[in-house]
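Peer 1: Residue numbers (our numbering): 141 to 244. Even for Gly, the Cβ is constructed at its ideal location relative to N, Cα and C. Predicted model, so just to flag it, every value in this text is computed and none were measured.
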Ligand code: FES
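(1) Let me know if residue 170 comes out buried or exposed under the rule of 16 or more other beta-carbons within 10 Å of its beta-carbon.
(2) At the level of alpha carbons, what is the spacing between residue 197 and residue 166?
(3) Could you tell me whether the Cβ atoms of residue 192 and residue 176 are closer together than 8 angstroms?
(4) With distance defined between alpha-carbon atoms, name the residue in 142, 195, 153 nearest to residue 159.
(5) So, with DSSP's three-state summary, where would you put residue 189?
(6) Identify whether residue 196 lies in helix, strand or coil by the three-state DSSP scheme.
(7) How far does the beta strand (DSSP E) with residue 176 in it reach, from first residue to last?
(8) Beta-carbon separation of residue 181 and residue 225 under 8 angstroms?
(9) Pick out every residue whose C-beta is nearer than 7 angstroms to a heavy atom of ligand 1: which are they, in chain order?
(10) Residues in the same chain with beta-carbon distance under 7 angstroms from residue 194, minus the five sequence neighbours each way, listed in chain order, please.
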């Protein structure tokens, strides 16, 4: 499957279905693309409703942050960063103005 690049401007999150599995794809402020499963592994909030902070996607539920490469963190207001494990990611590449999602 593919996503036109104009649908993925910086700060935008889109939902994609890859072989029946739901994911989200976003573009961070640096222009980097990230991905994660659509449902947060904490308490199942929908990550398509998350917001992009830097290159991370932040869950609307309780603020877990997804780095787009499979790492998940909880950042608290005092600066502490607690790792929350790993999640699956998609293999993404840009070809002629289109973000191509490789089959899993
Ligand atoms: S449901 Fe995502 S951080 Fe709690």
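Peer 2: In short, the structure shows the following:
(1) exposed
(2) 8 angstroms
(3) A distance of 8 angstroms or more separates the beta carbons of residue 192 and residue 176.
(4) The option with the nearest alpha carbon to residue 159 is 142.
(5) Residue state, collapsed to three classes: helix.
(6) Here DSSP, grouped into helix, strand and coil, assigns residue 196 to strand.
(7) Residues 173-177.
(8) yes
(9) Selection output, chain order preserved: 180, 182, 183, 184, 185, 199, 201, 202, 203, 204.
(10) Sequence-distant Cβ neighbours of residue 194 in its own chain, meaning closer than 7 angstroms and more than five residues away, are 168, 169.
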